[in-house]
Amino acid sequence: AQTVTQSQPEMSVQEAETVTLSCTYDTSENNYYLFWYKQPPSRQMILVIRQEAYKQQNATENRFSVNFQKAAKSFSLKISDSQLGDTAMYFCAFMKRTGGGSQGNLIFGKGTKLSVKP
Amino acid sequence: DTAVSQTPKYLVTQMGNDKSIKCEQNLGHDTMYWYKQDSKKFLKIMFSYNNKELIINETVPNRFSPKSPDKAHLNLHINSLELGDSAVYFCASSQGTGDYRMNTEAFFGQGTRLTVV
Chain A
38 AQTVTQSQPE
48 MSVQEAETVT
58 LSCTYDTSEN
68 NYYLFWYKQP
78 PSRQMILVIR
88 QEAYKQQNAT
98 ENRFSVNFQK
108 AAKSFSLKIS
118 DSQLGDTAMY
128 FCAFMKRTGG
138 GSQGNLIFGK
148 GTKLSVKP
Chain B
3 DTAVSQTPKY
13 LVTQMGNDKS
23 IKCEQNLGHD
33 TMYWYKQDSK
43 KFLKIMFSYN
53 NKELIINETV
63 PNRFSPKSPD
73 KAHLNLHINS
83 LELGDSAVYF
93 CASSQGTGDY
103 RMNTEAFFGQ
113 GTRLTVV
């Protein structure tokens, strides 16, 4: 069974600074996807960034980037130039690739509560 | 315009009642899910449907019954509600294709906060 671990329950960062959220996972699968989702106080789950395991290049989306270390099963999220609107719960998630047209489900970590301070 | 919509957003009900949460997606996705988020914010899969067929059924009590009348809808019916059922329930959808390089992200509804009193 796959597991996802986020070892930082809470973190804080000053506005405009950089913060890194940690995530490790355990799987025997070779083909899978990793995601970071953001859940602000509004409760909406918002995709931040996605990484396909077969890709060695780290994914980036504007101020968000990941450090994907497949051998170490590590998938950290770096937020640069933090903004007040980045305050939210951040969830790391794993999904294994399934065959045919079906999709696997997401397995989530317990989340990291990030506070961006002015 | 909402991609994945759930109704209601809030539901307060007494123990022992039966309630339903509805979910609809207009993204043309083949796969839909129900996730439960507990009071500690932990998210866990409950059910997954692909083209109206149940493909994942985690260890969820029989009191929970999903129903998918078509691939755009996945409703959740809960019988004999218990205090422990209080949580936020999220519906989600994603597109599965034979090519694993295609878009695989899940789109979530806004959640339904269920409170059982």
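As you go down the protein sequences, you meet chains A and B in turn. Each residue of the first sequence is one higher than the last, beginning at 38 in our numbering. Each residue of the second sequence is one higher than the last, beginning at 3 in our numbering. Each residue gets a CB set at the ideal place from its N, CA and C atoms; glycine is no exception.
Of the residues A/Arg87, A/Ala108, A/Val103, A/Glu52, the one whose Cα lies closest to the Cα of A/Lys115 is A/Val103. Here A/Gln76 has Met82, Ile83, Ala125, Met126, Tyr127, Phe128, Gly148 as same chain residues with Cβ atoms under 8 Å from its own Cβ, once five neighbours each way along the sequence are excluded.
Using a CB distance below 7 Å, the part of the stretch 97-126 of chain A facing chain B consists of Met126, ordered along the chain.
Cβ proximity to chain A below 8 Å picks out nothing from the stretch 63-76 of chain B. Put simply, the CB of B/Leu13 is far from chain A, with every gap to its CB atoms at 9 Å or more.
B/Asp32 is bridged by DSSP to nothing; it lacks a bridge partner. Approximately 5 Å separates the beta-carbon atoms of B/Phe109 and B/Val6; this is inside 8 Å, confirming the contact.
The C-beta distance from A/Leu121 to A/Val153 rounds to 5 Å, short enough to meet the 8 Å contact threshold. Straight-line spacing of the CA atoms in A/Ala96 and A/Leu71 works out to 10 Å.
Residue-level contact by beta carbon holds for B/Leu45 and chain A, with a gap shorter than 9 Å.
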